[in-house]
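Using my numbering, the first residue of the sequence shown is number 3, and each one after it goes up by one. Just so you know, even glycine gets a beta-carbon here, dropped at the ideal spot from N, CA and C. Following: one structure in structure tokens, then a few remarks.
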Amino acid sequence: MDPRFAAIWDKSRLDGAWVTRHGLNNAQYQSAFEQYAGQGHKLVRFSGYTENNQPRFAAIFHCLNRPTGEAWVARHELTEDAYWREFNNLLNQGYRLLTVSPYVVNGVGYFAGIWYQSRIPYWGAHHDLTGSQYQEAFNRYTAINAKLVSVAPYTLRGNHDRYAPIFTRDY
């Protein structure tokens, strides 16, 4: 089956250059990452998916016309345990998860994430939530005026739907 994509286009004017790539195998993605990161672009969105039982990647890079001084880290091909260890390690260094992309290759679940060092005063991220756990988290966060900034639905370990939401509050 051919992969399917969903996208949102925004006509607002944004500073800097944008580069998008999709259909990349691991080596192509790594090469694009090194090329664009080396030119000052930051990875702002990433998606892992499967095509013909092979991992494929789509990425969006952004380069502002001015330095931001914002440190960031991107990881992919992390098993669930490795993702959890990396998540906690980066959290302890002051990084916040911007986006997560769970994907499955030959029945094995992997995660990719982008973390930024941030001074956001309130932030919460979860993964491996069932539908009811996700709804409970959504209700709990919105009750304190936090907003959902990202949610990644995925299926791991059989036909068990899971969710990985990220919430933030600006004050």
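Along the chain, where does the alpha helix (DSSP H) that runs through residue i open and close?
{"i": "Gln37", "result": "28-40"}
{"i": "Gly1", "result": "Any property of residue 1 remains undetermined from this structure, which presents the chain solely from 3 to 173."}
{"i": "Leu92", "result": "82-94"}
{"i": "Gly126", "result": "Segment 124-127 is the beta strand (DSSP E) holding Gly126; no alpha helix (DSSP H) there."}
{"i": "Ala145", "result": "133-145"}
Measuring CA to CA, which of the options is closest to residue i?
{"i": "Val153", "options": "Asp172, Asp163, Thr101, Trp117", "result": "Thr101"}
{"i": "Ala34", "options": "His64, Asn55, Ile122", "result": "His64"}
{"i": "Gln119", "options": "Val21, Gly40, Tyr136, Val75", "result": "Val75"}
Where DSSP assigns a beta bridge to residue i, which residues make up the other side?
{"i": "Leu99", "result": "Trp117"}
{"i": "Ala61", "result": "Arg23, Phe48"}
{"i": "Ala76", "result": "Ile116"}
To the nearest angstrom, how far is the alpha carbon of residue i from that of residue j?
{"i": "Gln32", "j": "Asn161", "result": "31 Å"}
{"i": "Asp130", "j": "Tyr85", "result": "12 Å"}
{"i": "Gly115", "j": "Thr52", "result": "17 Å"}
{"i": "Tyr112", "j": "Asn54", "result": "16 Å"}
{"i": "Val21", "j": "Asn108", "result": "29 Å"}
{"i": "Ala19", "j": "Lys44", "result": "10 Å"}
So, under 8 Å CB-CB, residue i and residue j are touching, yes? Tell me the CB distance rounded to an integer number of Å.
{"i": "Asn94", "j": "Pro57", "result": "Not confirmed; about 28 Å, so no contact."}
{"i": "Phe59", "j": "Leu26", "result": "5 Å"}
Over the uninterrupted beta strand (DSSP E) stretch that includes residue i, give me the two end residues.
{"i": "Asp163", "result": "162-171"}
{"i": "Glu53", "result": "44-53"}
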